[in-house]
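What follows is a set of notes on a single structure, which appears directly below.
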Amino acid sequence: MTVYQFEDRKPKVGKDSYISKSASVIGKVTLGSECYVGPGAVIKGDYGEVVIGSGSSVQDNVVVHARPNELTTIGSRV
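Note that the working numbering has the sequence shown beginning at 48, numbered continuously upward.
Put into structure tokens, the structure is as follows:
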């Protein structure tokens with residue numbers, strides 16, 4: 048699992064969430080509880096923010112990248 052701080056932006060990972068060791072979570076990213084982040088997935092909140100609701104799944108090799116100064120949201124149980 049690769050979870051990186053970017054400048055002053057730190058990821059927050061909810062209880063019982065799983066992040067594959069080959070996935071990357073970078074910057075201002077909030078994962079709710081019981082989320083799944085598959086192999087090769089990249090979630091970037093370097094200049095924007097990403098919020099993923101509880102029980103959601105980001106599958107293998109998916110990239111979620113927020114635009115600068117904007118919020119990207121994936122709801123719960125998606």
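The beta carbon of each residue, even a glycine, is placed where N, CA and C say it ideally should be.
Here the structure is a predicted model, which is why all the values come from computation and not from measurement.
DSSP places Gly-74 within a strand segment (E or B) once states are collapsed to three. The secondary-structure analysis by DSSP pairs Val-98 across a beta bridge with Thr-77, Thr-120. With a beta-carbon spacing of about 6 Å, Ser-123 and Ser-103 fall inside the 8 Å limit used to define contacts. DSSP places Asp-93 within a strand segment (E or B) once states are collapsed to three. Counting along the chain, the unbroken beta strand (DSSP E) around Val-110 starts and ends at 110-112.
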